[in-house]
Each structure stands twice: as structure tokens, then as C-alpha cells.
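Visitor:
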Amino acid sequence: MDETVRPLNMPSCANFATRRKLYSIAAMLMLVLVFAKTGEPRLLRDQAGRTVSVPDNPLRVVSLAPSITEIIFALGESGRLKGVTQHCDFPEAAKSLPKVGSYVHLDLERIVALKPDLCIAVRDGNPENVVTELEALGIPVYAVDPRNLDTAVDTVLEVGQLLDATTKAQRLAIEMRARIERVTERVAKTRLRPRVFFQIGDAPIVSAGNNTVISELIVAAGGQNLAEGPTSYPRFSMEQVLALQPEIVIITSMTKEVDLQQMCAEWRKYEGLPAVRDNRIFVVEADLFDRVTPRLIDGLETLAGIIHPELFR
Amino acid sequence: MKATAPYVYPILKRILTVSLVLGLLLIISAFLGLSMGSTAQNIRQILAVLSGRADQYPTLSNIVWRIRLPRVILAALVGATLSLGGLVFQALLRNPLAEPYILGISGGSAVGAIIGILLGMSPFPGVAFFAFAGSMATLLLVLLIASTRSAMKKDTLILAGVMVNAFCSSVIMFLISLTQDSRLHNILFWLMGDLSLSDTHRTLMLMVSLLPCFVALFLFARPMNILLLGEEMAANMGVDVRLTPLVLLLITSFMVSIVVCHTGLLGFVGLVIPHLLRLLFGPDHRLLVPACILGGGAYLILCDLLARSLPSQGEMPVGVITAMIGAPLFILLLRRSRR
Chain A
9 MDETVRPLNM PSCANFATRR KLYSIAAMLM LVLVFAKTGE PRLLRDQAGR
59 TVSVPDNPLR VVSLAPSITE IIFALGESGR LKGVTQHCDF PEAAKSLPKV
109 GSYVHLDLER IVALKPDLCI AVRDGNPENV VTELEALGIP VYAVDPRNLD
159 TAVDTVLEVG QLLDATTKAQ RLAIEMRARI ERVTERVAKT RLRPRVFFQI
209 GDAPIVSAGN NTVISELIVA AGGQNLAEGP TSYPRFSMEQ VLALQPEIVI
259 ITSMTKEVDL QQMCAEWRKY EGLPAVRDNR IFVVEADLFD RVTPRLIDGL
309 ETLAGIIHPE LFR
Chain B
369 MKATAPYVYP ILKRILTVSL VLGLLLIISA FLGLSMGSTA QNIRQILAVL
419 SGRADQYPTL SNIVWRIRLP RVILAALVGA TLSLGGLVFQ ALLRNPLAEP
469 YILGISGGSA VGAIIGILLG MSPFPGVAFF AFAGSMATLL LVLLIASTRS
519 AMKKDTLILA GVMVNAFCSS VIMFLISLTQ DSRLHNILFW LMGDLSLSDT
569 HRTLMLMVSL LPCFVALFLF ARPMNILLLG EEMAANMGVD VRLTPLVLLL
619 ITSFMVSIVV CHTGLLGFVG LVIPHLLRLL FGPDHRLLVP ACILGGGAYL
669 ILCDLLARSL PSQGEMPVGV ITAMIGAPLF ILLLRRSRR
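Here the protein sequences line up with chains A and B, keeping their order.
Going letter by letter, the first sequence gives residues 9 to 321 in the numbering used here.
Going letter by letter, the second sequence gives residues 369 to 707 in the numbering used here.
(1) Below 8 Å on C-beta distance, what does Thr427 of chain B contact in chain A?
(2) Taking the C-alpha atoms as reference points, what is the distance between Glu48 of chain A and Val62 of chain A?
(3) So the beta strand (DSSP E) Ala499 of chain B belongs to, where does it begin and stop?
(4) Under DSSP, the alpha helix (DSSP H) around Ser577 of chain B begins and ends at which residues?
(5) Examine chain A for any beta-carbon lying closer than 7 Å to the beta-carbon of Arg703 of chain B, and answer yes or no.
(6) Are the beta-carbon atoms of His340 of chain B and Ala589 of chain B separated by less than 7 Å?
(7) If you reduce the DSSP assignment to three classes, tell me which class Tyr150 of chain A lands in.
(8) CB-CB under 7 Å to Ala602 of chain B, same chain, minus the five flanking residues each way: which ones, in chain order?
(9) Give me the chain A residues within the contact set of Phe557 of chain B, using Cβ-Cβ distance strictly less than 7 Å, ordered along the chain.
(10) Once the 5 residues before and after Cys581 of chain B are set aside, which same chain residues still bring their CB inside 6 Å of it?
(11) Tell me, please, whether the CB atom of Leu116 of chain A is closer than 7 Å to any CB atom in chain B?
(12) Here's a check: name, in chain order, each residue in its chain whose Cβ is nearer than 8 Å to the Cβ of Leu308 of chain A, leaving out the five neighbours to either side.
(13) What residue ranges within the segment 176-264 of chain A form continuous alpha helix (DSSP H) runs of no fewer than 4 residues, ordered along the chain?
(14) Leaving out five residues before and five after Gly475 of chain B in sequence, what residues of the same chain have Cβ atoms less than 6 Å from its Cβ?
(15) Anything in chain A within Cβ reach of Ser538 of chain B, meaning under 7 Å, just list it in chain order.
(16) Taking Cys96 of chain A as part of the alpha helix (DSSP H), name the residues at either end of that continuous run.
(17) To the nearest angstrom, how far is the alpha carbon of Phe297 of chain A from that of Ile222 of chain A?
(18) Listing by chain order, which chain B residues have their CB less than 9 Å from the CB of Glu141 of chain A?
(19) Who pairs with Gly109 of chain A in a beta bridge, going by DSSP?
(20) Let me confirm a value: Thr46 of chain A is counted as buried when at least 16 other C-beta atoms fall within 10 Å, else exposed. Which label applies?
(21) Between which two residues does the beta strand (DSSP E) containing Gly488 of chain B stretch?
(22) Tell me the rounded alpha-carbon separation between Leu180 of chain A and Leu281 of chain A.
(23) Thinking just about the alpha-carbon of each residue, which of A:Ala101, A:Val204, A:Glu136 is nearest to the one in Tyr111 of chain A?
(24) Which two residues bound the contiguous beta strand (DSSP E) that contains Leu126 of chain A?
(25) I need the DSSP call for Ser758 of chain B, collapsed to helix, strand or coil.
(26) Does Thr407 of chain B have its Cβ less than 7 Å from a Cβ in chain A?
(27) Kindly give me the distance between the Cβ atoms of Ala196 of chain A and Leu83 of chain A, rounded to whole angstroms, as I take these residues to be in contact under 8 Å.
(28) Report the three-state DSSP secondary structure of Ser406 of chain B (helix, strand or coil).
(29) Just the C-alpha distance for Val389 of chain B and Ile699 of chain B, rounded to the nearest angstrom, thanks.
(30) Within the same chain, show all residues whose beta-carbon is closer than 6 Å to that of Pro154 of chain A, passing over the 5 residues directly before and after it, in chain order.
(31) If you run the structure through DSSP and keep just helix, strand and coil, what is Lys123 of chain A?
(32) Can you look up Ser564 of chain B in the DSSP assignment and give me helix, strand or coil?
(33) Looking at Leu460 of chain B and Pro613 of chain B, is the spacing between their C-beta atoms short of 7 Å?
(34) Does the Cβ of Ile473 of chain B have 16 or more other Cβ atoms within 10 Å, making it buried, or fewer, making it exposed?
(35) Please report the distance separating the alpha-carbon of Gln248 of chain A from that of Val284 of chain A.
(36) Can the beta-carbon of Arg434 of chain B be found less than 7 Å from the beta-carbon of Ser566 of chain B?
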């Protein structure tokens, strides 16, 4: 991920330097705070607004969602990780860790048997009663709730703080912010906002509305999200999609490769569609868009390259 | 009174013997349920924890007492309730195939419960009330459909139940397709019959509401025997032929609906257990009610054990197991009752 910090424009470079100074000051302040408190459990407020007593240097951490596993690996703290969920498949090393069920259907017994000193949960997805049970058994559960690019960066910082990896987290956060800024700055140079239809499911066709990461990424990458609206994951009939006249169609790879080829072929049947005419139907990796992790920035850069190829060559 | 005394004592003795045997079976199943689970443990440690020397193995003790025990108790309560449900419906409707799931009562409760959940009700009393209303509505509907044709003919009743059930499933699918909820996955799992959401508090709540119903049904065992002789005979023997069935149906629907709230749809338990026990111990309900409570409990504990240990990853809903055992038996019974 480090090699992706690409050359930046002059103005943003200056901006970057001042930010970096600020962050290093913040990091030092935080270090002072952390060292002042060593030895005793810290009382922290998690992203679900609950106060959790977290051990100072947790050594047996169980991650209750794929996104959390990715963040912990990105921070280089996988040594603390003693258990992950069934779908934690990135990076490759996560697959060999003990599994504690799927993140919506956790196996309480397996979690407890791993004797964790800290569990990290996602607020949206992990069943609440499992969290309550774990806490009743004396296992602290810190809940994160990353919903967009901003909170993704915050979550990296918070998980870093939890795992005594503040410096690494700061560095990662700075890098993430710089990459986001680079995309938004380039996109700001053009008024062009192509009409994007982002397809998540095959049958029925599902897209992403307001308050979703996907919608935020499309807008940040300089596109217009055709599924904009109050419903988070609205369903569409083919008829409705055709009426929206998408200039770009993006399909996530939730399904198998063969099905994807078939889905693309399905779209190409509608020759009048701008996206078909200009041959702008793309397949992207689903994990880059539905997991709020550092890889989300990869997703953003992928989208930007698709929507504004003229700016990101 | 004097004349009945010699008749009462043998049955009392039989009740005690049967309860003792089935109680032993329940205890063995509970022991198996406590000692096996998704994490491998050695039996010596389990025995140490079960005999009260918990401080040596704090983690295992947590797993056994705080995670497995509520689940085993929940399974026993649910198994007992559904078996009793089958027993009561079979007696009242004089139909060997009647059972809460097949009659659509469970499906009706599920529709009510889902509506309650979608309206954002609290699990108790909000969702439970909706589930009870749903079960009563479907019961009424089934009886109405069946009674319009040739007074409770066997097949008509079952057919009506199956159709109401199909209708309920479509309503459930409709409600699910309307929601954009992240709890969707959980609802689907719950629908298939799932005991994994057990915790100490919920299990206690369920126990408090179910145990009085068990006692009440035991007190109604003799009237149930008499009702089987036919309405006229029952009326002559001093049983209120209108009130008694009504009270029994109310109690049973209440029990089934709160069980559905907790564990979703578990089919065929009320078919398998009463039939098996009737085969073993004869048709006397004074014997069958306690036998259903103990035997049904043991049966579901063992089914849940299978559901927990068969898949290598995660677990499957226990409703899958009960249906796999129950559906073939249903077909067998249907063939036999046709003859």
C-alpha cells in the first residue's frame, strides 16, 4: 500500500507538510497520554457511544468483522489477533487464523474459548445480544462504526490506539488522507460529472443510495450516482435503469466470474444505452467497496480511474 | 370417590415410572448437550466443571454454564412445548396429523412476530403479543376453513393448515422483501428454527411463562381423555365441551407463540414425540403430558446437538434437523391413516 503515494501537485504538497506537522504533534501528545496511563485498563468511549474498559496492551484480540481484521493487519498488529470471522479473507494470512463464525452469526462459544482480552465489533452487523453476552462474561467489546471515508480514517486511528500502535496508525491515516485529497483535487479540475449506475446484486438489481460508502465514493471520484435517494440499498428493475440512461455501469464481483461475463453480456444487449455505446461497463472487486478499511481508498482510486480516465492516466 | 381410589393408584405409579425413565433420558441428553459444542474439550475437564470444581477452568466453566446451559434449557423447554402442542391438537381435533407447524399456527405466530419486529416493538410484551395474535388468527382461520366442509374431516383440516401455512410464508416473504434491514440475515436464520440466540435472561423469561402452562395442561389431562370419547359422552361425564377445548387451545397457542418468538419455526416436533410416546405408553393423557414434557425436551436437546456438531464451520438451524426427521414420518402416518 505504501508504494501508492504518488507524486502530488505543488499546492497540496504544502498542505500535506503542514498537516504532517500537526499530526506529529497530535501523535506526540497522544503518546504522552498513553504512557502516563500504562498498566491500568483505560476507559474509552467507542463509536457506538458506550464506555468500554479496555486493557492497556491487549494481547488476545478477536476481530468480529472482515473490515476490522483488515485494519489490524494493515497496522501490522496481526500478532495480537487470535480469532477472526469466517469471511475474513484478506490478507491471505487472515484465512489461517481460528474462525468464530460469520460476522452476522457469531459462535459465542468459540469466541470465549479463545480467551480474548478484547473483542472489536462493528456496530452495524454484529448481533447486539452477542455483544451483551460477551460483556456479561467479562470480555470487553469495543464497537466501531465506520460508515464513510472520514470515519474509515478515524477507525484506523482508534484501532491503532486500542492496540498500542498509534504511530503506525498515524502514518497510515496521513497516507489515506493524502490519497483521498489527491483524487478530490484532480476531480475538482473538471465540471464533468458522468452518470454512474453502480450495480451490487444481479437478481434483483440493487444499487447504493445516500448514506452509503459507495455513493460517497462515486461522488468523491467525480461521478453522479444515479441511485441517489433516501433508500440505502434501493432495488431497480431493468426498465428503471434504462430510463436513467447511465453513462457508466459498474458491477461488483460478488458473483462468480462466469456470471459476471454473462451480466456484462446482458447489459450489452441494450445498444441504445450510453454506457453500452461508449463501452463503459466495468467490473470491480466488491471487497474494495463494502469493507470500510484502508483498501477503501483503493476503491476510490479505481472508481476515479473509471469515471475520469482523462485525469488519471 | 372410594370406588376410584384403586384405579388412581396404578396410574400414579405408572406416571412416576414413565417420568423417571424419561427424566433419566432428559438428564443424559442434557449432560451430552453440556459436554459437546463447537469447541473441542476433553471429558475429564468437563466432568470437573460439572461437579463444581469450576475455578480450575474458568473459560470452560463460562462456556458450560453461561453459554451451553441456557441453550440446553431453552431446547428442553421448546421441545416440551411443541410436543405438548402436538398432543393437545391431536386430542382436540381428533386428528393424528395435527401439529402446530402443520396447522399453520407457528407460521401465524411468525408473521405476527415479524410485524412486531418491523414496527420496532420490544421483544416482550410487544412482539410476543403480536405473535400470539397471529397464532390465534391462523388457528381460527384453519378451523373455519375446515369446518365448512364435512365436519372436521381429517384431510380437510390438514389441507387447510397447509394452505394457511403457505399463505403465511408468502406474507413473511413479502414483509422481508419490503425491508432494507441489516437484521434480515438474522430473521432468515431465525425463521428456519434457531436456538443459538439463547441467553440466560431470555431462557429464564421463557421458563417462567411456560412452566405454569405445563402444569395447567397436566391438570387438563383427564378432560382430554374424556373428550376423546366424543362430545356427547364427555358432556355426560361432566366435562364442559365448549369451555374446555377453548381453554386448551388458548393455552397451547400462547405457549407455541412465545416459543416461536424465541426460536422461529421448528416443524414436526409435535408430530414425532406424541406419536412415539403413544406407541410406547398408550393413549392416556395423564401419562402422555408428563412424558411429552420430558421426552420432547430430550428430543430437541439431541436435535440441537446434531445441529451444533454436524457442520464443521458454524452451525445449521435446528429446524433443518427436526424437519428432516419429521417430514418422512408425516408421510408414513398419512399413508397409514388412509388405510
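We put the beta carbon where it would ideally sit given N, CA and C, even for glycine.
Guide: Let me lay it out:
(1) Neighbours of Thr427 of chain B on chain A, chain order: Val120, Ala121, Lys123.
(2) A straight line joining the alpha-carbon of Glu48 of chain A with that of Val62 of chain A spans about 9 Å.
(3) Taken as a continuous stretch (DSSP letters only), Ala499 of chain B belongs to no beta strand (DSSP E), being part of the alpha helix (DSSP H) at 496-515.
(4) 568-587 is the extent of the alpha helix (DSSP H) around Ser577 of chain B.
(5) No, Arg703 of chain B lies away from the interface with chain A (no Cβ there is under 7 Å from its Cβ).
(6) Residue numbering for chain B in the displayed model covers 369 to 707; residue 340 of chain B lies beyond these limits and cannot be assessed.
(7) In the three-state scheme derived from DSSP, where H, G and I count as helix and E and B as strand, Tyr150 of chain A is classed as strand.
(8) Excluding sequence neighbours, Ala602 of chain B sits near Ile594, Leu595, Val609.
(9) Near Phe557 of chain B (Cβ distances below 7 Å), the residues of chain A are His113.
(10) Excluding sequence neighbours, Cys581 of chain B sits near Ile619, Met623.
(11) Yes, contact with chain B.
(12) Taken in chain order, the residues that qualify are Leu157, Arg187, Ile188, Val191, Leu225, Ala228, Ala229.
(13) Listed in chain order, they are 221-228, 246-252.
(14) Residues of the same chain with a CB within less than 6 Å of the CB of Gly475 of chain B, apart from the 5 flanking positions on each side, are Asn533, Cys536 in chain order.
(15) When 7 Å is used as the limit between beta carbons, Ser538 of chain B is near no residue of chain A, the shortest such separation being about 17 Å.
(16) Where Cys96 of chain A is concerned, there is no enclosing alpha helix (DSSP H), given that its DSSP letter is neither H nor E.
(17) When rounded, the distance between both Cα atoms is 6 Å.
(18) Within chain B, the residues placing a beta-carbon under 9 Å from that of Glu141 of chain A are Arg434, Ile435, Asp567, Thr568, ordered along the chain.
(19) Paired residues: A:Leu114.
(20) Only weak support exists for where Thr46 of chain A lies, its pLDDT of 46 falling under 50; the value from the coordinates is given anyway. Exposed, since its Cβ has fewer than 16 Cβ neighbours within 10 Å.
(21) Element bounds for Gly488 of chain B: n/a, residue is neither H nor E.
(22) Distance from the CA atom of Leu180 of chain A to the CA atom of Leu281 of chain A, rounded to whole angstroms, is 41 Å.
(23) Check the Cα spacing between Tyr111 of chain A and each of A:Ala101, A:Val204, A:Glu136: the tightest is with A:Glu136.
(24) 126-130 is the span of the beta strand (DSSP E), which, as asked, contains Leu126 of chain A.
(25) No statement about residue 758 of chain B is possible, as the shown extent of chain B runs from 369 to 707 and does not include it.
(26) For Thr407 of chain B, the nearest beta carbon of chain A is closer than 7 Å to its own beta carbon.
(27) With a contact defined as Cβ atoms closer than 8 Å, Ala196 of chain A and Leu83 of chain A miss out at about 31 Å.
(28) Collapsing the DSSP output to three states places Ser406 of chain B in coil.
(29) Roughly 29 Å separates the two Cα atoms.
(30) If we look at Pro154 of chain A and ignore the five residues flanking it on each side, its Cβ neighbours are Ala160, Thr163, Val300.
(31) In this structure, Lys123 of chain A counts as coil in the three-state DSSP scheme.
(32) Here DSSP, grouped into helix, strand and coil, assigns Ser564 of chain B to coil.
(33) The beta carbons of Pro613 of chain B and Leu460 of chain B sit closer together than 7 Å.
(34) With 16 or more Cβ atoms within 10 Å of its Cβ, Ile473 of chain B is classed as buried.
(35) Annotation: Gln248 of chain A to Val284 of chain A spans about 16 Å, alpha carbon to alpha carbon.
(36) Not closer than 7 Å, so no.
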